[in-house]
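Enquirer: There's a structure below that I have some questions on.
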Amino acid sequence: MADSSDILQFGRDWCKKDDVRPACALLLCSEKPLSFSTESITKGLAKKVNRLVGVSRQEWRGKTNLLCEFECEVGEVTLPLSGTFNVSVDGGEVFLRIYRLNTTTNFKSRVLVKDIMENQGTSEPLTRETSRSSLSHAMSLCTVGGRKLRPFSGLKTPAKDEDSFDTWIELVQGQLEEEPEDCEKRRRLREALRPPAASIITDLRRECPQATADEYLAALELAFGSTESPEELSVLFHSTHQHRGESPSEFLTRLQGILRKLVRKGAAQREKSSSLLIEQFAKGVLFDEILLVNLRLKDLKKNPPSYLTLLQMVRREEAEQQAKMSRRGEGDVGVFPADPKQAKSRTQAAERPIKRKQNEARPRFCYRCGEEGHYKTKCEKPENLQKVNGQLIAFLQGNAKGRLEGASQKPKPVN
Numbered sequence: 001m002a003d004s005s006d007i008l009q010f011g012r013d014w015c016k017k018d019d020v021r022p023a024c025a026l027l028l029c030s031e032k033p034l035s036f037s038t039e040s041i042t043k044g045l046a047k048k049v050n051r052l053v054g055v056s057r058q059e060w061r062g063k064t065n066l067l068c069e070f071e072c073e074v075g076e077v078t079l080p081l082s083g084t085f086n087v088s089v090d091g092g093e094v095f096l097r098i099y100r101l102n103t104t105t106n107f108k109s110r111v112l113v114k115d116i117m118e119n120q121g122t123s124e125p126l127t128r129e130t131s132r133s134s135l136s137h138a139m140s141l142c143t144v145g146g147r148k149l150r151p152f153s154g155l156k157t158p159a160k161d162e163d164s165f166d167t168w169i170e171l172v173q174g175q176l177e178e179e180p181e182d183c184e185k186r187r188r189l190r191e192a193l194r195p196p197a198a199s200i201i202t203d204l205r206r207e208c209p210q211a212t213a214d215e216y217l218a219a220l221e222l223a224f225g226s227t228e229s230p231e232e233l234s235v236l237f238h239s240t241h242q243h244r245g246e247s248p249s250e251f252l253t254r255l256q257g258i259l260r261k262l263v264r265k266g267a268a269q270r271e272k273s274s275s276l277l278i279e280q281f282a283k284g285v286l287f288d289e290i291l292l293v294n295l296r297l298k299d300l301k302k303n304p305p306s307y308l309t310l311l312q313m314v315r316r317e318e319a320e321q322q323a324k325m326s327r328r329g330e331g332d333v334g335v336f337p338a339d340p341k342q343a344k345s346r347t348q349a350a351e352r353p354i355k356r357k358q359n360e361a362r363p364r365f366c367y368r369c370g371e372e373g374h375y376k377t378k379c380e381k382p383e384n385l386q387k388v389n390g391q392l393i394a395f396l397q398g399n400a401k402g403r404l405e406g407a408s409q410k411p412k413p414v415n
């Protein structure tokens, strides 16, 4: 059993190195080293087994090992029940033991009753349906292979079809989540990379041939990502606040960008990202507190919504507040006169007292004796407070020089 497990691990590592899906591969082992050429063995296997794509050869532990790759999963390939192959090669016989590298059984996630009923009919509809399914499967494979990742080089001045590293890695992670096989993820990553980013992965494969797609992305993060440590990013996230003039939805989007970096660098768990986001959003909003009250964010902290749900709630509340402000503004416009001439006259009337006060001269009389021509500091006459008060009253009433002769507010002469 130990020897069998070692052989299976050897085959799986071989698949990782050559980017071969274990579900579509078989490992064939001989009892002793073979002297036949790889081409001759491949020809013999092609006659023995169907849907064979290629054969790789490697000597290990004094035996010849063959990694056979098929165009479909191994379960669809006809294999001998004995678990061994007797292959005719150049007039001789080669005995090979079969090892399945993928022991898990893949069941269909969805089956239609129509397909089952049609398979129980005549052979002609079955053949037609089989051809349709084969064509559909081939088209799906073409579609999957055609969804290429956006290119990335890591240059300071990226090309027109390239993005910055933060934008690129967010797109790539979302696309690679749809791919179940790690070997396919690695292949698509290498196809998307250009030097010097491609050189980083080449060096990584030399040092660690068994590196996974996540380790590829981690190496690119070290080479081209932000230099902040997880602790520094955590401090930055918890100290981020809304800027003046920044809408709450814009602040939420900016906060989510920092949170993505936190999750990518392992400083925050993906499962707790929604809770962290809503908590810091409630703390960081400085100029739209009424929005927090209307959304009842304190109640949402117990069961926090996702980023997209929260963004939708914030944008809807912003639109409602904007609509209220526009309606309020329309009501205020009717207070002012519609005629521009009336508005101008009212403005001038409101400005007249200010201009009069600005142009008025200071009172020029002595605050000791009340007479004009000198000031208190140089006055030698006796003090006359009654006359001083009269001069002040006349000045404040605007009749200091006696211009309103017939006016009722004319002060009485002071002797």
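Here the sequence shown is numbered in full-length UniProt numbering, starting from 1 and rising by one per residue.
The C-beta atom is built at its ideal place from N, Cα and C for all residues, glycine as well.
Check whether the Cβ atoms of ALA192 and ARG254 lie closer than 9 Å to each other.
Expert: No, Cβ-Cβ distance for ALA192 and ARG254 is not below 9 Å.
Enquirer: Under 9 Å between the Cβ atoms of SER247 and LEU259?
Expert: Not a contact, by the Cβ cut-off of 9 Å.
Enquirer: Hey, out of TYR307, ASP288, LYS298, whose CA is closest to GLU317's CA?
Expert: GLU317 has its Cα closest to that of ASP288, out of TYR307, ASP288, LYS298.
Enquirer: Can you tell me which of LEU204, PRO180, GLU178 puts its alpha carbon nearest to the alpha carbon of ARG190?
Expert: Closest option to ARG190, Cα to Cα, is LEU204.
Enquirer: Distance, Cα to Cα, THR202 vs LEU222?
Expert: Their backbone Cα atoms lie some 15 Å apart in a straight line.
Enquirer: Among residues of its own chain, excluding the 5 on either side of VAL52, which ones have a beta-carbon nearer than 7 Å to its beta-carbon?
Expert: For clarity, residue 52 is Leu in the given sequence; the question names Val instead. Taken in chain order, the residues that qualify are LEU45, ALA46, CYS68, PHE70.
Enquirer: By how many angstroms is the C-alpha of LYS301 removed from the C-alpha of LEU311?
Expert: Answer to the nearest angstrom: the Cα atoms are 15 Å apart.
Enquirer: Using DSSP with H/G/I as helix, E/B as strand and the rest coil, what is GLN210?
Expert: Three-state result, GLN210: coil.
Enquirer: Between residue 422 and CYS24, is the Cβ-Cβ spacing less than 9 Å?
Expert: Residue 422 lies beyond the residue range present for the chain, which begins at 1 and ends at 415; the question has no answer from this structure.
Enquirer: Per the contact definition of three or more C-beta pairs closer than 8 Å, is the segment 3–18 in contact with the segment 165–172?
Expert: They do not touch, by the three-pair rule.
Enquirer: For LEU233 and LEU262, which I take to be in contact (beta-carbon distance under 8 Å), what is that distance rounded to the nearest angstrom?
Expert: Their Cβ separation, rounded to whole angstroms, is 5 Å, which keeps LEU233 and LEU262 in contact under 8 Å.
Enquirer: Mapping the DSSP letters down to three states, classify CYS162 as helix, strand or coil.
Expert: Sequence inspection shows Glu at residue 162; the Cys mentioned does not correspond to that position. Looking at GLU162 - three-state DSSP - the assignment turns out to be coil, as it is neither helix nor strand.
Enquirer: Are there 16 or more other CB atoms within 10 angstroms of the CB of ILE278, so buried, or fewer, so exposed?
Expert: ILE278 is buried by the Cβ-count criterion.
Enquirer: Taking C-beta to C-beta, are VAL77 and SER40 nearer than 9 Å?
Expert: Going by C-beta atoms, VAL77 is not nearer than 9 Å to SER40.
Enquirer: In this structure, does DSSP put SER5 in helix, strand or coil?
Expert: Residue state, collapsed to three classes: helix.
Enquirer: Kindly list the residues whose CB is nearer than 8 Å to the CB of HIS243, restricted to its own chain and excluding five residues on each side of it in sequence; keep chain order.
Expert: Counting only Cβ-Cβ distances below 8 Å, and skipping sequence neighbours, we find PHE251.
Enquirer: In whole angstroms, what is the alpha-carbon distance linking LYS48 and VAL87?
Expert: So the alpha carbons of these two residues sit roughly 7 Å apart.
Enquirer: Provide the residue span of the alpha helix (DSSP H) that contains PHE70, from first to last.
Expert: Taken as a continuous stretch (DSSP letters only), PHE70 belongs to no alpha helix (DSSP H), being part of the beta strand (DSSP E) at 63–70.
Enquirer: Measure the Cβ-Cβ separation of ALA267 and PRO304 and say whether it is below 9 Å.
Expert: No, the pair does not count as a contact, with Cβ atoms beyond the cut-off.
Enquirer: Grab me the residues of PHE224's own chain with a C-beta within less than 6 Å of its C-beta, minus the 5 sequence neighbours each way, in chain order.
Expert: Cβ neighbours of PHE224 beyond the five flanking positions: GLY154, PHE165.
Enquirer: Assign ALA25 to one of three DSSP states: helix, strand, or coil.
Expert: In the structure shown, ALA25 sits in a strand (DSSP, three-state: E or B).
Enquirer: Using 10 angstroms around the beta-carbon of GLN391, count the other beta-carbons present and answer buried if the total reaches 16, otherwise exposed.
Expert: It is buried - the Cβ of GLN391 has at least 16 other Cβ atoms within 10 Å.
Enquirer: Report the rounded CA-to-CA distance for LYS32 versus LEU217, giving the unit in angstroms.
Expert: Roughly 41 Å separates the two Cα atoms.
Enquirer: For ASP3, which of PHE36, THR38, PHE85, ARG61 has the nearest alpha-carbon?
Expert: If we check each option's Cα against that of ASP3, ARG61 comes out closest.
Enquirer: Just tell me which of PRO196, LEU176, VAL172, VAL235 has its CA closest to the CA of THR157.
Expert: Residue PRO196 is the option with its Cα nearest to THR157.
Enquirer: Under 7 Å Cβ to Cβ from LEU286, same chain only, skipping five residues before and after it: list those, please.
Expert: Only HIS241, GLN242 meet the Cβ criterion.
Enquirer: Who are the near neighbours of LEU291 in its chain, counting only those whose CB is closer than 6 Å to its CB and skipping five residues on each side?
Expert: Within the same chain, LEU291 has close Cβ partners PRO248, GLU317.
Enquirer: Can we count HIS241 as close to the ligand ADP, meaning its CB is less than 8 Å from some heavy atom?
Expert: This structure lacks the ligand ADP; in fact it carries no ligand of any kind.
Enquirer: Could you tell me whether the Cβ atoms of ALA319 and LEU297 are closer together than 9 Å?
Expert: It is not a contact, given that the beta carbons lie outside the stated cut-off.
Enquirer: For SER226, count neighbouring Cβ atoms within 10 angstroms of its own Cβ and tell me buried if that reaches 16, exposed if not.
Expert: Exposed is the call here.
Enquirer: Could you compute how far the alpha carbon of THR38 sits from the alpha carbon of PHE237?
Expert: Each residue's Cα considered, the two are about 58 Å apart.
Enquirer: Just to confirm, is the Cβ distance from LEU171 to LYS185 under 9 Å?
Expert: Their beta carbons are not under 9 Å apart, which means LEU171 does not touch LYS185 by this criterion.
Enquirer: Answer with buried or exposed for LYS148, where buried requires no fewer than 16 other C-beta atoms within 10 angstroms of its C-beta.
Expert: Looking at its Cβ environment, which holds fewer than 16 other Cβ atoms inside 10 Å, LYS148 is exposed.
Enquirer: Which word fits residue 446, buried or exposed, when buried means at least 16 other C-beta atoms lie within 10 angstroms of its C-beta?
Expert: A query on residue 446 cannot be resolved here, the shown segment of the chain reaching from 1 to 415 and no further.
Enquirer: In the DSSP assignment, find the beta strand (DSSP E) that holds ASN294 and state where it starts and stops.
Expert: Run containing ASN294: none in the beta strand (DSSP E); it sits in the alpha helix (DSSP H), 289–295.
Enquirer: Any idea what DSSP makes of TYR99, helix, strand or coil?
Expert: Residue state, collapsed to three classes: strand.
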